[in-house]
Amino acid sequence: MTTPAERVFVVPAAQRATRLRVALLLLALLALVVASFLTLDLQWRAFASVEALQAMARFIGEFFPLYTSTGFLLRVAQGAWETLAMSALGTLLAAVLGLLLALPASRMHASDPARARAPTRLVLNLLRSIPELVWASLLLISAGLGPFAGTLALTLHTTGVLGRLFAEAIENAPLGPGDALRAQGVGKSRVFAWAALPQVLPQLLSYTLYRWEMNIRAAAVMGVVGAGGLGQLLMFHMSLFHMDKTATILAAMIALVLLVDALSYVLRRRLG
Amino acid sequence: MTGPAAAPPPALRDPAWLPRLGWSIVALVLLWPLLQATEFRPWVFLQPDNLRVSAHFVGSFVPLATDAEFLALVARETWRTVAIATAGMALALLLAVPMALAATRVLSVSALSGRMARAPFWLRQMLRWVLIVLRSVPELVWALVFVRVVGLGPTAGVLAIALTYAGMLGKVYAEILESGDPHPAQTLLRNGGSRLQAFFYALLPGNAGELTSYTVYRWECAIRSSVVLGFVGAGGLGQQLIVSLRMFEGGEVATMLLVFVLLVALADRVSAALRRAIA
Chain H
18 MTTPAERVFV VPAAQRATRL RVALLLLALL ALVVASFLTL DLQWRAFASV EALQAMARFI
78 GEFFPLYTST GFLLRVAQGA WETLAMSALG TLLAAVLGLL LALPASRMHA SDPARARAPT
138 RLVLNLLRSI PELVWASLLL ISAGLGPFAG TLALTLHTTG VLGRLFAEAI ENAPLGPGDA
198 LRAQGVGKSR VFAWAALPQV LPQLLSYTLY RWEMNIRAAA VMGVVGAGGL GQLLMFHMSL
258 FHMDKTATIL AAMIALVLLV DALSYVLRRR LG
Chain L
2 MTGPAAAPPP ALRDPAWLPR LGWSIVALVL LWPLLQATEF RPWVFLQPDN LRVSAHFVGS
62 FVPLATDAEF LALVARETWR TVAIATAGMA LALLLAVPMA LAATRVLSVS ALSGRMARAP
122 FWLRQMLRWV LIVLRSVPEL VWALVFVRVV GLGPTAGVLA IALTYAGMLG KVYAEILESG
182 DPHPAQTLLR NGGSRLQAFF YALLPGNAGE LTSYTVYRWE CAIRSSVVLG FVGAGGLGQQ
242 LIVSLRMFEG GEVATMLLVF VLLVALADRV SAALRRAIA
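Residue numbers (the numbering used here), protein chains in the order written: chain H, 18 to 289; chain L, 2 to 280.
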């Protein structure tokens, strides 16, 4: 007999297999990273040389001092308000549409046939996998330039995201209250309104606020394709090399993003 | 009904209907300025001119563009999109991991005995601000800036993803590391372990699953955003998409959208499989 101190620790077979799998995965990932760097014609020299760094420093130097004439600040404020409105309205509409689509996309109870579940989820995935900016550039063709196309683009993408999250939340909610109502012969819509919805509402609101934080970032750059907001001002002044004005707009963007983050944080605190 | 005779009949009306109605009206009033600011006019879709243009454009989606030359181009650009996302993520990790480690409060030695000393406190706070600024500027704006500095091409895209995602990853890594049980790390530190030892033997084993899962999820997001970066000239599928869109080549647009949806679905699957394998 060996004493416990002499016993050699052998890694169990199952754990060895896991380690092997993880190692292989990591190797594959490493290969992907190396292949990515090799196949992209990256211009590190254009970036890492002394002249490039000087050009960069000059470029950033031109940002300061920020341009702060009152008239321009008013225009920036108006752009910021437009961006804020786009993100808020887009998120709101998406929450409503997402909830409407989440209902057919979820299995409400154990014996629910949920025939519309798979097709609705397919639609949600399609909406979700096309980014806001791509939606915006498609919508520009029929809605014209301006914040309306941007708002709709945010709505479409976010509907896909929220619809899926809402459906997951509804399916994961405890079934007891709903079953109790159903056993009494209460109809479908009322079961949802009085059993499922109250249970998941805080979670749905928290998801919506979280998406709002993402959407304020997306709305800020909608203007790059011509869909309104601060991004449009940014593109305009950047293409004219008005770097001090660009810097002011960037500062406004960061301030707006931080404001919405803080607002959403406070609201979520109060929810949870 | 066979209830007790004395009980009054249940209220048939929602007892809270008045406040509900009131709040709904308030919400509608608040909605009005939003609709104004976003020029929300859905009926523009129904104007005959717009209707004709849209119908023509959507009609040109079929047949999809499927000539061999175009498909080869799409395949090449799709790989470039993935490569930009992957290279960007790799650089972002290089930036994010050291910053997250330096910003993690649990790894503070001075905080073991009461309050954190002033210098490390401000260092951590400053790093947090840097991370917040990095992630507050959308990657598209970074890309616009870098396109000015390094010219059109994938370099701008890689750098833009690297900076934005370094901010996101760094902040979330620090949060994940701080959210777990701090005891193992503190015990190691108290017994003379270095900060790196405390990280590798206490924090990392405890949080590895969550950290990897978040990283893989972000990689999936990076693929989505690298498409968009092409819009400002940073290469990849997005750049081709915007070119075809400007020329109203509906068939090419539809093919690329389809490829894009498949790519995102694939990334979704791979990411889910990876997370399962690691968990």
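Here a beta-carbon is modelled for each residue, glycine too, at the ideal position from N, C-alpha and C.
Counting along the chain, where does the alpha helix (DSSP H) carrying residue i start and finish?
| i | result |
| --- | --- |
| L/L13 | Looking at the DSSP string, L/L13 is not in any alpha helix (DSSP H), and its letter there is neither H nor E. |
| H/P136 | 134-146 |
| H/F89 | 87-119 |
| L/W130 | 119-137 |
| H/S159 | 149-160 |
| L/W220 | 205-230 |
| H/W229 | 214-238 |
| H/R124 | Looking at the DSSP string, H/R124 is not in any alpha helix (DSSP H), and its letter there is neither H nor E. |
| H/R181 | 164-189 |
| L/L141 | 140-151 |
| H/F54 | 30-56 |
| L/A112 | Counting along the chain, L/A112 falls outside any alpha helix (DSSP H), and DSSP gives it neither H nor E. |
| H/M270 | 260-288 |
Determine whether the Cβ of residue i lies closer than 9 Å to any Cβ atom of chain H.
| i | result |
| --- | --- |
| L/P121 | no |
| L/S180 | no |
| L/R149 | yes |
| L/V228 | yes |
| L/M2 | A caution first: L/M2 carries a pLDDT of 44, below 50, which makes its placement in the model too unreliable to give a value. |
| L/A273 | no |
| L/R225 | yes |
| L/L13 | no |
| L/I162 | no |
| L/F201 | no |
| L/V276 | As written in the sequence, residue 276 of chain L is Arg, which differs from the Val given in the question. Judged by the 9 Å Cβ criterion, L/R276 is not in contact with chain H. |
| L/S214 | no |
| L/W80 | yes |
| L/P139 | yes |
| L/V131 | no |
| L/D269 | yes |
| L/T256 | no |
Does any C-beta atom of chain L lie closer than 9 Å to the C-beta of residue i?
| i | result |
| --- | --- |
| H/A94 | no |
| H/F26 | no |
| H/A200 | no |
| H/G115 | no |
| H/L173 | no |
| H/I271 | yes |
| H/T225 | no |
| H/E99 | yes |
| H/T56 | yes |
| H/F165 | yes |
| H/A72 | yes |
| H/S281 | no |
| H/L284 | no |
Determine the closest residue to residue i out of the options, with distance taken between C-alpha atoms.
| i | options | result |
| --- | --- | --- |
| H/L101 | H/Y224, H/F54, H/I147, H/D278 | H/D278 |
| H/E185 | H/S159, H/S154, H/A200, H/A119 | H/A119 |
| H/R241 | L/R149, L/M169, L/T165, L/V233 | It is worth fixing the name first, because residue 241 of chain H is Val in this sequence and not Arg. Nearest C-alpha to H/V241: L/V233. |
| L/G193 | L/L72, L/N51, L/V150, L/S109 | L/S109 |
| H/L59 | L/G158, L/S227, L/P49, L/A118 | L/G158 |
| H/D129 | H/R199, H/P219, H/L247, H/A153 | H/R199 |
| H/P191 | H/L288, H/G246, H/R38, H/A212 | H/A212 |
| L/G237 | L/D269, L/A273, L/A84, L/L189 | L/A84 |
| H/F76 | H/M255, H/L57, H/A111 | H/M255 |
| H/L90 | H/A268, H/L173, H/L43, H/L143 | H/A268 |
| L/L205 | L/R277, L/R219, L/S180, L/S226 | L/S180 |
| L/Y174 | L/L52, L/E211, L/G252, L/D50 | L/E211 |
| H/M231 | H/V67, H/A197, H/Q32, H/H174 | H/H174 |
| L/G207 | L/D182, L/L189, L/S214 | L/D182 |
| L/T156 | H/T56, H/I158, H/A272 | H/T56 |
Are the beta-carbon atoms belonging to residue i and residue j less than 9 Å from one another?
| i | j | result |
| --- | --- | --- |
| H/G243 | H/L162 | yes |
| H/L116 | H/D261 | no |
| H/G88 | H/I266 | no |
| L/M90 | L/A163 | yes |
| L/T82 | L/V228 | yes |
| L/V264 | L/T87 | In the sequence under discussion, the amino acid at residue 264 of chain L is Leu, which differs from the Val named in the question. No, Cβ-Cβ distance for L/L264 and L/T87 is not below 9 Å. |
| L/A235 | L/G154 | yes |
| H/L251 | L/V27 | no |
| H/L150 | H/A235 | yes |
| H/G248 | L/T39 | no |
| L/V30 | H/N142 | no |
| L/L47 | L/F41 | no |
| H/M73 | H/G245 | no |
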